[in-house]
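Chemist: Let me give you the structure first, and then I'll get to my questions.
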Amino acid sequence: MAAAALGLAMGGPVAAETYDVAIVNGRVMDPQTGLDAVRNLGVARGSIARITSDAIEGKRVIDAKGLVVSPGFIDLHAHDLDPFTEKLHAQDGVTTALELENGAFPLERWYARRVGASPINFGASAAHGPIRAVAFGAVEADRLTGEGEADAKLVEGKSEWMEAPSTPAQRARMTALISSELDRGALGVGYHIATTPGADSGELTEFFGLAAKHGVANFIHMRSAEQAAPIDAAKETIAAAKAAGASVHLVHVNSSSLWETPQVLAEIDRAASNGVDVTTEAYPYTGAASSLDDPRAGPESMAAFRADYSDLELLATGERLTAASFARYKKLYPHGELVAHIMKQADVDAAIEHAGVMVASDGGAYYDGKGHPRSAGTFSRIFSRYVRERKTLSLMEAIAKVSYLPAKRLEAFVPEMKRRGRLQEGAVADITVFDPAKIQDRATYGDSALPSAGIAYVMVSGQFVVDRYAFVEGARPGQPIYSAARAK
Ligand SMILES: [Zn+2]
């Protein structure tokens with residue numbers, strides 16, 4: 286009425302704004318405010334300009350009747366981000382994929398390769414592991430590319446940097462390197478402590494404290510089952526965070542906690558209610574990624590994981606192994622990929638369904654089109670399995686686990702995240718539109734690169750990367766995500 290009156294006073298009708306894209310008639314869901322209603326959403330200049338029940342105009346109009354309009358999914362745990370994996374992520378509804386567990390070092394090289402080349406947003410933490418290798422003299426910083434796979438080859442055969450405790454001089458060097466990465470905008474500090482068992486509790490506490498001093502969180506793959514009982518590994522990590530006054534996020538609570546998943550979840554809840562800033566995530570699969578040359582696939586480690594050869598599946602054929610076939614294949618294909626079925630479905634379900642637990646894929650590389658199906662199907666699987674089949678999560682709870690909660694985890698030190706994980710006016714137009722009756726993962730262990738179904742549109746900064754259920758080849762709107770320190 287006010288606008289109409291104003292138009293009359295000016296002697297003519299006021300043209301309503303024509304948005305770049307109008308997504309109309311969709312079920313708009315925003316976990317932060319609880320909005321769950323049919324609304325029209327106007328996108329202009331990469332942002333959400335309007336959410337309204339009034340009719341709106343757009344240069345392009347998407348009729349989302351019967352579809353859910355959700356904040357784009359945010360994956361806190363993704364490895365080997367490249368055109369192949371990013372395409373699968375986008376087709377699974379993901380608009381931001383972050384390498385926070387391992388991190389990337391040197392950060393600048395990792396980001397430089399992706400700026401202007403990525404369909405989805407990307408970012409990484411400062412990498413404790415490679416920085417430890419540099420401090421131990423296992424490799425010179427200049428030779429590292431920032432890509433995990435390539436850089437692992439540079440330290441092949443060297444183990445002191447993983448196994449030995451650090452000296453004060455080595456820690457001083459690590460402090461300098463981590464600090465300079467944080468000053469460049471690294472998204473916290475990432476640790477894979479299972480591969481660097483030489484990093485003791487004292488070292489953890491020291492670097493957790495360094496992260497706290499910089500105002501960022503720590504992301505950690507805690508000690509694994511053959512090194513410590515999962516509950517003890519979780520207690521060690523939480524105690525270090527508490528001692529350092531630091532924030533900590535335990536990655537993949539399902540594969541790290543195994544048969545002690547319920548105890549570890551309870552421990553995290555107890556610590557959080559006592560004021561420790563501790564969170565966790567899970568992926569919805571029972572199989573972990575492994576390989577024939579993985580030291581964890583040996584008989585002793587397997588026993589520690591309460592698993593045996595029959596729990597190992599050769600990815601290429603789907604065959605379950607025996608001691609004899611394991612030895613035979615190891616000779617034939619030393620790096621052959623395995624799926625280690627070390628998790629029980631009930632523990633995975635308990636983790637995904639637990640209040641506050643975020644969803645993150647731990648997705649990674651594909652070799653000849655083969656990898657772990659979690660890289661392609663994690664997010665759709667949350668909706669098909671937990672919302673539709675088991676009915677253990679409401680649609681809104683599931684959307685929160687894949688968008689708002691991950692954004693909230695980061696927003697204290699990543700200003701970009703205050704405008705993501707939300708469908709609100711002023712938010713970045715990172716949007717996933719899906720059919721709640723049809724969203725479904727299709728990737729399997731045998732056919733792991735099948736894109737998910739039921740995802741109609743995915744928009745990154747207002748540009749479509751999935752349009753009418755198909756990936757938009759050549760779309761590269763993905764933005765680098767940095768911490769607040771970058772701007773200073
Ligand atoms: Zn991990």
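If you're matching positions, the sequence shown starts at 286 in the working numbering and goes up one per residue.
Every residue gets a Cβ at the ideal spot worked out from N, C-alpha and C, and that includes glycine.
Just so it is clear, the structure is predicted and the values come from calculations on it, not from any experiment.
#1: What ranges does the alpha helix (DSSP H) occupy inside the stretch 584-654, keeping only unbroken runs of at least 4 residues that lie completely in it?
#2: Whole angstroms are fine: how far does the CA of residue 750 sit from the CA of residue 402?
#3: Which residues share a DSSP beta bridge with residue 318?
#4: To test your reading of the DSSP string, which unbroken beta strand (DSSP E) runs of 3 or more residues are found completely within the stretch 412-495?
#5: Would you say residue 778 and residue 706 are within 8 angstroms of each other, going by their C-beta atoms?
#6: Is residue 289 buried or exposed, if buried means 16 or more other CB atoms sit within 10 Å of its CB?
#7: Tell me whether residue 626, by its Cβ, gets closer than 7 angstroms to a heavy atom of ligand 1.
#8: Between residue 536 and ligand 1, is the CB less than 7 angstroms from at least one heavy atom?
#9: For a test of the three-state rule: what should DSSP assign to residue 545, helix, strand or coil?
#10: Looking at residue 747 and residue 354, is the spacing between their C-beta atoms short of 8 angstroms?
#11: Hey, which unbroken runs of the beta strand (DSSP E) at 3 residues or more fall wholly within the stretch 691-746?
#12: What residue range does the alpha helix (DSSP H) around residue 361 cover?
#13: Give the DSSP-derived three-state secondary structure of residue 575 in the structure shown.
#14: Contact check, residue 357 vs residue 740 under 8 angstroms by CB: the rounded distance?
#15: To the nearest angstrom, how far is it from the Cα of residue 373 to the Cα of residue 734?
#16: Considering only the beta carbon of each residue, do residue 622 and residue 676 sit closer than 8 angstroms?
#17: Which partner residues does residue 348 have in the DSSP bridge list?
#18: Please state whether DSSP places residue 276 in a helix, a strand or coil.
#19: If you drop the 5 nearest sequence neighbours on each side, which residues of the same chain put their C-beta closer than 7 angstroms to that of residue 703?
#20: Have a look at the DSSP bridge pairing and note the partners of residue 325.
#21: Residue 464 and residue 420 look like a contact to me (Cβ under 8 angstroms); what is the Cβ gap, rounded to whole Å?
#22: Any heavy atom of ligand 3 closer than 7 angstroms to the beta-carbon of residue 386?
#23: Measuring alpha carbon to alpha carbon, tell me which of 670, 647, 725, 411 ends up nearest residue 499.
#24: So does residue 752 have its beta carbon nearer than 7 angstroms to some heavy atom of ligand 1?
Modeler: Taking the coordinates as given:
#1: Complete alpha helix (DSSP H) runs here, min 4: 584-589, 608-617, 630-638.
#2: A straight-line Cα-Cα distance of about 13 angstroms links residue 402 and residue 750.
#3: Answer by DSSP bridge pairing: none, since residue 318 is not bridged.
#4: Qualifying beta strand (DSSP E) stretches, in chain order: 474-477.
#5: Outside the shown range of the chain, which is 286 to 773, sits residue 778, and nothing can be said about it.
#6: Below a pLDDT of 50, predicted positions are generally treated as unreliable, and residue 289, at 40, falls in that range; the measurement from the model is reported next regardless. Exposed.
#7: False, no ligand heavy atom lies under 7 angstroms from that Cβ.
#8: Answer for residue 536: yes, Cβ within range of ligand 1.
#9: Three-state DSSP puts residue 545 in a helix.
#10: Residue 747 is positioned such that its CB atom lies no closer than 8 angstroms to that of residue 354.
#11: Within the stretch 691-746, the complete beta strand (DSSP E) runs of at least 3 residues are 716-719, 740-745.
#12: For residue 361, no alpha helix (DSSP H) run applies, since DSSP gives it neither H nor E.
#13: Residue 575 carries a strand assignment under DSSP once its states are collapsed to helix, strand and coil.
#14: Taking C-beta atoms under 8 angstroms as the contact rule, residue 357 and residue 740 fail to qualify, at a distance of about 11 angstroms.
#15: Going from the Cα of residue 373 to the Cα of residue 734 covers about 7 angstroms.
#16: Not in contact: residue 622 and residue 676 (Cβ atoms no closer than 8 angstroms).
#17: Answer by DSSP bridge pairing, in chain order: 309.
#18: The structure shown does not extend to residue 276, since the chain is modelled only from 286 to 773, so the question has no answer here.
#19: Only 696 meet the Cβ criterion.
#20: Per DSSP, 337.
#21: The pair is not a contact, with the Cβ atoms about 13 angstroms apart (cut-off 8 angstroms).
#22: Looking for ligand 3 in the displayed structure turns up nothing; the ligands present are ligand 1.
#23: Measuring C-alpha to C-alpha distances from residue 499 to each of 670, 647, 725, 411 identifies 411 as the nearest.
#24: Not under cutoff, so the answer is no.
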